[in-house]
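Chemist: Starting off with a structure, shown below.
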Amino acid sequence: MANNEEAPVLNVEGLQTSFFTPDGEVKAVDGVDFEVGSNETLGIVGESGSGKSITSLSVMQLIQSPGEIVGGKIELNGEDLLKKSKAQIAKYRGNRLSMIFQEPMTSLNPVFTVGHQVAETVRIHKKMGKREAHQEVIRMLKLVGIPAPKSRAKSYPHELSGGMRQRVMIAMALACEPELLIADEPTTALDVTIQAQILELMKSLQESTGMAVMIITHDLGVIAETADQVAVMYAGEVVEQADVNTLFKRPLHPYTQGLMRSIPRHDVDVEELEVIRGTVPSPAEMPNGCRFASRCPFASEICNTHPSLGTPKNNLDGESDNGSVRCWIYTDEWEQEHPMNKEVHQES
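In terms of full-length UniProt numbering, the sequence shown opens at residue 1 and continues consecutively.
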């Protein structure tokens, strides 16, 4: 999915992450593939329980027991992170790859000043002395738009607003100029004005550094604002991948179509928004066939067999695609089973 001819910064193939419970193995992420190029943003979108956050934690090697990465490949600029030791990954984390978490108040240590916490990052990974690290802290806080950075560096997390705390987290994440930045719901706890400022800040910093970005969210508005490529996740697997313009113009998977119809639009007048009926299946009781079939208005007999993620073969409006979809509707097998059905594709 990288939008240039260079090798991707991040390449994930067949990622499988499971949790081992007394009742057996629970597959939270099941065979996920994607890549992110330099200066490119991949948006991973899905509702709660889709596996998007577990995917990001897997990339960061932050899965805790009883969870375990049981298969696949995670390559950072050609290096397979799953073959690295814990000590090697610890050196990469915060240095070559960084993460911004959803709620900065729980991510920042309440007993240390924010300046101390940013300084700790650069002193560990950049081997800076105390004075040099302090100067770097001031520079980073200024870079992320925090006013009076010298005095703010002496503040404790509880003395800052939510937006300011998130800016501190961004400063900490970018202090070592990472190759990959993962942002997991970075604006969920912020009001819309601050959200727009944070997203604009992240985009500006990406343009100046060329880093690859993964943004994890349930908010399609954030995806539209920030992403170049999009992976839609459902029940632990990717069900659709496309560039952002294609996805919003012509969503293919019935789940993606449902997501699009559930958000308000200024150009469409409706009395009430549609909802996707039913719930995401439990990871402990995944169906053998299509995981969306029980909620899908187009479900058919063939959906009892699990579909693979592939290039659509029978686009009903005749347009070409540069993405992929996990749905029987866009296969030759579906046409053979439904030779007269031409009303499946729905514009959002």
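All C-beta atoms, glycine included, are put in the ideal place defined by N, C-alpha and C.
Can you name, in chain order, every residue of its own chain whose Cβ lies under 6 Å from the Cβ of residue 386, other than the five neighbours on each side?
Modeler: Lying before the first or after the last residue shown, residue 386 is absent from the chain, which here runs from 1 to 348.
Chemist: Could you give the distance in angstroms between the alpha-carbon of alanine 299 and the alpha-carbon of arginine 167?
Modeler: Here residue 299 refers to the residue found at position 299 when the sequence shown is read from its first residue. Here residue 167 refers to the residue found at position 167 when the sequence shown is read from its first residue. Alanine 299 and arginine 167: Cα-Cα distance of roughly 45 Å.
Chemist: Nearest-angstrom Cα distance between methionine 105 and tryptophan 328?
Modeler: Taking the sequence shown and counting its residues from 1, one reaches residue 105 at position 105. Taking the sequence shown and counting its residues from 1, one reaches residue 328 at position 328. Their Cα atoms are separated by approximately 44 Å.
Chemist: Looking at the structure shown, is leucine 181 part of a helix, part of a strand, or coil, going by DSSP?
Modeler: By one-based count along the sequence shown, residue 181 stands at place 181. Residue state, collapsed to three classes: strand.
Chemist: Compute the Euclidean distance between the alpha carbons of glycine 51 and phenylalanine 101, then round it to the nearest angstrom.
Modeler: As a working note, residue 51 is residue 51 in the sequence shown. As a working note, residue 101 is residue 101 in the sequence shown. One C-alpha to the other measures close to 16 Å.
Chemist: In chain order, what are the residue ranges of uninterrupted beta strand (DSSP E) at least 3 long that sit wholly in the stretch 128 to 203?
Modeler: 180 to 184
Chemist: Can you round the beta-carbon distance between glycine 43 and alanine 227 to whole angstroms, since I take them to be within the 8 Å contact cut?
Modeler: The sequence position of residue 43 within the sequence shown is 43, counting from 1. The sequence position of residue 227 within the sequence shown is 227, counting from 1. At roughly 3 Å, the Cβ-Cβ gap stays under 8 Å, so glycine 43 and alanine 227 are in contact.
Chemist: With which residues is serine 98 paired in a DSSP beta bridge?
Modeler: Reading the sequence shown from its first residue, position 98 is the one you call residue 98. Per DSSP, the beta-bridge partners of serine 98 are Leu181.
Chemist: Glutamate 259 and leucine 220 look like a contact to me (Cβ under 8 Å); what is the Cβ gap, rounded to whole Å?
Modeler: One-based indexing of the sequence shown puts residue 259 at position 259. One-based indexing of the sequence shown puts residue 220 at position 220. The residue asked about is misnamed: residue 259 is leucine in this sequence, not glutamate. The Cβ separation is near 6 Å, so the contact holds.
Chemist: Near phenylalanine 19, which residues of its chain fall below 7 Å by C-beta distance, leaving aside the five closest residues on each side in sequence?
Modeler: Within the sequence shown, residue 19 is the residue found at index 19, counting from 1. For phenylalanine 19, where only same-chain residues beyond five positions count, the Cβ hits under 7 Å are Val26, Ala28, Pro66 and Gly67.
Chemist: Just how far apart, CA to CA, sit valine 238 and serine 308?
Modeler: In the sequence shown, residue 238 corresponds to position 238, counting from 1. In the sequence shown, residue 308 corresponds to position 308, counting from 1. Each residue's Cα considered, the two are about 10 Å apart.
Chemist: Could you give the residue range of the alpha helix (DSSP H) that holds leucine 10?
Modeler: Against the sequence shown, residue 10 aligns to sequence position 10. Segment 10 to 21 is the beta strand (DSSP E) holding leucine 10; no alpha helix (DSSP H) there.
Chemist: According to DSSP, leucine 76 sits in a beta bridge with which residue or residues?
Modeler: The count along the sequence shown starts at 1 and reaches residue 76 at position 76. Paired residues: Leu10 and Glu79.
Chemist: Going along the chain, which unbroken runs of the alpha helix (DSSP H) with 4 or more residues stay wholly within the stretch 279 to 313?
Modeler: none
Chemist: Compute the distance between the beta-carbons of valine 232 and valine 32, then report whether it is under 8 Å.
Modeler: As a working mapping, residue 232 is identified with position 232 in the sequence shown. As a working mapping, residue 32 is identified with position 32 in the sequence shown. No, these two residues do not count as a Cβ contact at 8 Å.
Chemist: Reducing DSSP to helix, strand and coil, say where aspartate 243 ends up.
Modeler: As a working mapping, residue 243 is identified with position 243 in the sequence shown. It is a strand residue.
Chemist: Where does lysine 84 fall in DSSP's three states?
Modeler: Counting from one through the sequence shown, the residue named residue 84 turns up at place 84. The answer is coil: DSSP assigns lysine 84 none of H, G, I, E or B.
Chemist: In chain order, what residues of the same chain lie with their CB nearer than 6 Å to the CB of tryptophan 334, ignoring the 5 residues before and after it?
Modeler: Indexing the sequence shown from 1 puts residue 334 at position 334. Take tryptophan 334, set aside five residues on each side of it, and the residues of its chain with a beta-carbon closer than 6 Å to its own are Trp328, in chain order.
Chemist: Which partner residues does residue 375 have in the DSSP bridge list?
Modeler: The question about residue 375 has no answer, for the chain in this structure spans 1 to 348.
Chemist: Can you tell me whether glycine 236 is helix, strand or coil according to DSSP?
Modeler: Working through the sequence shown from its first residue, we reach residue 236 at position 236. In this structure, glycine 236 counts as coil in the three-state DSSP scheme.
Chemist: In angstroms, rounded to a whole number, what distance separates the CA positions of glycine 278 and glutamate 301?
Modeler: In the sequence shown, the residue the question calls residue 278 occupies position 278. In the sequence shown, the residue the question calls residue 301 occupies position 301. Answer to the nearest angstrom: the Cα atoms are 19 Å apart.
Chemist: Under 7 Å Cβ to Cβ from glycine 78, same chain only, skipping five residues before and after it: list those, please.
Modeler: Your numbering for residue 78 matches position 78 in the sequence shown. Taken in chain order, the residues that qualify are Ala7.
Chemist: Put glycine 221 into one of helix, strand or coil per three-state DSSP.
Modeler: To locate residue 221, count along the sequence shown from 1; it is residue 221. Note: glycine 221 maps to helix in three-state DSSP.
Chemist: Below 8 Å on the Cβ atoms is my contact criterion, and I expect methionine 211 with glutamate 185 to pass it. Report the Cβ-Cβ distance as a whole number of Å.
Modeler: For the purposes of this step, residue 211 is taken as the residue at position 211 of the sequence shown. For the purposes of this step, residue 185 is taken as the residue at position 185 of the sequence shown. Not confirmed; about 19 Å, so no contact.
Chemist: On the premise that cysteine 176 lies in contact with histidine 125, defined as a C-beta separation below 8 Å, what is that separation, rounded to the nearest angstrom?
Modeler: Taking the first residue of the sequence shown as 1, we reach residue 125 at position 125. Taking the first residue of the sequence shown as 1, we reach residue 176 at position 176. Indeed they touch by this definition, with Cβ atoms about 5 Å apart.
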